[in-house]
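So the sequence shown is numbered by our numbering: it starts at 1 and just counts up by one.
The beta carbon of each residue, even a glycine, is placed where N, CA and C say it ideally should be.
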Amino acid sequence: MKNFVLKGTILYTEEKDHLIAAKDSYVVCQDSLCQGVFARLPECYQHFEVIDYGNNLIIPGLTDLHVHAPQYTVCGFAMDLELMPWLNACIFPEEAKYADPGYAREAYSVFVRDLKHSPTTRICTFGTLHTEGTLELMRQLEEAGFHGCVGKVSMDRNAPEALSETNGEKNLLDWLSQCHFEHIHPILTPRFIPACSDELMTSIGRIQKETHLPLQSHLSENPAEIDFVKELCPSSAFYGDAYDRFGTFGTNGSTIMAHCVHSGEAEIALMKQNNVYVAHCAESNFNLSSGIAPARRYLDAGLHMGLGTDIGGGTSVSMFRSIKEAVIASKMYWRLLDSTKAPLLFSEAFYLASKGGGSFFGKVGSFEKGYEFDAVVLDDSRLRAPRDLSPQNRLERVIYGDNCDVVTDKYICGEKI
Ligand code: GUN
Ligand code: FE
Numbered sequence: 001m002k003n004f005v006l007k008g009t010i011l012y013t014e015e016k017d018h019l020i021a022a023k024d025s026y027v028v029c030q031d032s033l034c035q036g037v038f039a040r041l042p043e044c045y046q047h048f049e050v051i052d053y054g055n056n057l058i059i060p061g062l063t064d065l066h067v068h069a070p071q072y073t074v075c076g077f078a079m080d081l082e083l084m085p086w087l088n089a090c091i092f093p094e095e096a097k098y099a100d101p102g103y104a105r106e107a108y109s110v111f112v113r114d115l116k117h118s119p120t121t122r123i124c125t126f127g128t129l130h131t132e133g134t135l136e137l138m139r140q141l142e143e144a145g146f147h148g149c150v151g152k153v154s155m156d157r158n159a160p161e162a163l164s165e166t167n168g169e170k171n172l173l174d175w176l177s178q179c180h181f182e183h184i185h186p187i188l189t190p191r192f193i194p195a196c197s198d199e200l201m202t203s204i205g206r207i208q209k210e211t212h213l214p215l216q217s218h219l220s221e222n223p224a225e226i227d228f229v230k231e232l233c234p235s236s237a238f239y240g241d242a243y244d245r246f247g248t249f250g251t252n253g254s255t256i257m258a259h260c261v262h263s264g265e266a267e268i269a270l271m272k273q274n275n276v277y278v279a280h281c282a283e284s285n286f287n288l289s290s291g292i293a294p295a296r297r298y299l300d301a302g303l304h305m306g307l308g309t310d311i312g313g314g315t316s317v318s319m320f321r322s323i324k325e326a327v328i329a330s331k332m333y334w335r336l337l338d339s340t341k342a343p344l345l346f347s348e349a350f351y352l353a354s355k356g357g358g359s360f361f362g363k364v365g366s367f368e369k370g371y372e373f374d375a376v377v378l379d380d381s382r383l384r385a386p387r388d389l390s391p392q393n394r395l396e397r398v399i400y401g402d403n404c405d406v407v408t409d410k411y412i413c414g415e416k417i
């Protein structure tokens, strides 16, 4: 299944402000790589199998750049709370349950099953602090055909005893020594500064310096959280600086910081300098009253950015939902907070969910030549209309209606899953 051609109505972005739509066209996969989109199939590919999807839409696979798989079991719970009380009342007690490998296996099987039916092909997810449970999540994602990163969470303070490690460095190294998967890779995952002692952050910083593993964490999500970081790290100039002091803010490996709702100029400048990715999680930021992240500001500043569902702050594995919420959030930011920051275009939000987040994994998220071949087929025929719709209108309708059930086939790096 490495050399083949998909035929249908193909939609993707090369540049963020322009959605390319090609009706009755061919997208070619050779040796797992995209060879481009063609109105007529070039001679050199005519011996490839053509899978004709008729009038269906074909889009690049989407990347969920920030998600907590173990929190899928509590989506929508305790949304009356803000971040810190929500973690304490709802999230930490739930994550503690993943000490039981049987619970982890069952819970992750629900998550992975639903992810299979979503438009997501690549994922960067948190596990819990448990080695066995996190390896189970990695196994299940690998077996389902996904590509991406999974992190055993590191945390050793300001959490219940069951979620406070006593030997975080050893646990991390022990887990890393057992990560032998082909497409699911380990990512260093200090939960956030409030939950990680200086000693633990120092270990993680040293491990990243030695291994250049990627790293994911949370940044400037909620005002009370940010005040707490100031209290814990009085000598840090800002939240991101508290990571940077341990070399865990993009200097020693690719790094994703989720949320970035309240980042100031200095933090943004350091993210830019260190190539830190922003994982924009608009729905979660609404649910937990965290605020509205200035996505336009980050685009204007040239930051790397993708979208995340942030389950269980977010409530759906659907990246369609994340695209829609990112657009809505940007409109409210523009209307209510800063009229110089124009709302995201539909094409820009689609770009962030495909090529923007996908770039964390390399050439991923587009149908340009040389990109890894991730594709999602959408059969929207059950969404009736009294007239012909343009390809863009059809995609807008699918995404705004969060119609995940139209996902029929999925290809990840040239493999059908
Ligand atoms: N900050 C630290 N942990 C979490 C988490 O689990 N979810 C969210 N939204 N923010 C966090
Ligand atoms: Fe999160």
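Enumerate in chain order the residues of its own chain whose CB-to-CB distance from Glu49 is below 8 Å, with the five nearest sequence positions on each side excluded.
-> Asn3, Phe4, Val5
Between Gly313 and ligand 1, is the CB less than 8 Å from at least one heavy atom?
-> yes
Validate contact between the stretch 371–388 and the stretch 304–318 using beta carbons, cut 8 Å, 3 pairs | In this structure the stretch 371–388 does not lie against the stretch 304–318, because fewer than three pairs of beta carbons, one per stretch, are closer than 8 Å.
Could you work out which residue in Ser118, Gly133, Ala96 is closest to Glu106 when comparing CA atoms only?
-> Per the Cα distances, Gly133.
With hydrogens ignored, establish whether the beta-carbon of Ile226 is closer than 8 Å to any heavy atom of ligand 1.
-> no
beta-carbon Cys281 near ligand 2 non-hydrogen atom, thresh 8 Å = Taking 8 Å as the cut-off, one finds at least one heavy atom of ligand 2 near enough to the beta carbon of Cys281.
What's the call for Met257, buried or exposed, on a 16-neighbour Cβ count within 10 Å?
-> The residue in question, Met257, is buried, as its Cβ has 16 or more Cβ neighbours within 10 Å.
Helix, strand or coil for Ala349, going by three-state DSSP, please let me know.
-> The DSSP-derived three-state label of Ala349 is helix.
Could you tell me whether the Cβ atoms of Gly148 and His183 are closer together than 9 Å?
-> yes
Relative to ligand 1, is the shortest distance from any of its heavy atoms to the C-beta of Arg394 smaller than 8 Å?
-> No - ligand 1 has no heavy atom lying nearer than 8 Å to the Cβ of Arg394.
Take Glu283 and list the residues in its own chain whose beta-carbon comes closer than 8 Å to its own, dropping the five residues that flank it on each side.
-> Thr309, Asp310, Gly313, Gly314, Thr315, Ser316, Arg321, Ser322, Glu325
Report yes if the C-beta of Asp220 is less than 8 Å from at least one heavy atom of ligand 1; otherwise report no.
-> In the sequence on display, residue 220 carries Ser and not Asp. No, since every heavy atom of ligand 1 falls outside the 8 Å radius drawn around the Cβ of Ser220.
Determine the extent of the beta strand (DSSP E) in which Asn55 is found, giving its start and end residues.
-> Per DSSP, Asn55 belongs to the beta strand (DSSP E) from 49–60.
Inter-residue Cα distance where the pair is His280 and Asp24 | 34 Å
Can you list the residues near ligand 2, meaning Cβ strictly closer than 5 Å to any non-hydrogen atom, in the order they appear in the chain?
-> Ala258, Asp310
Counting pairs of beta carbons, one from the stretch 325–338 and one from the stretch 359–378, are three or more of them closer than 8 Å?
-> Taking one beta carbon from each stretch, the stretch 325–338 and the stretch 359–378 have fewer than 3 pairs nearer than 8 Å; the two do not touch.
Can you tell which of Ser347, Asp17, Gln46, Leu299 has the C-alpha that lies nearest to the C-alpha of Val28?
-> Gln46
Check whether the Cβ atoms of Asp17 and Leu345 sit closer than 9 Å, and answer yes or no.
-> Yes, the pair counts as a contact, with Cβ atoms nearer than the cut-off.
Would you say Ser449 and Arg245 are within 9 Å of each other, going by their C-beta atoms?
-> The displayed coordinates of the chain run from 1 to 417. Any statement about residue 449 would go beyond what the structure contains.
Start-end ranges of the alpha helix (DSSP H) lying completely within the stretch 216–276, minimum 4 residues | As far as the stretch 216–276 is concerned, its whole alpha helix (DSSP H) runs of at least 4 residues are 223–232, 239–244, 265–273.
When burial is assigned at 16 or more other CB atoms within 10 Å of the CB, is Lys369 buried or exposed?
-> exposed
Rounded C-beta distance between Glu165 and Leu129? I'm assuming under 8 Å.
-> 6 Å
When Gly306, Val377, Asn393 are compared against Gly357, the one with the closest alpha-carbon = Gly306
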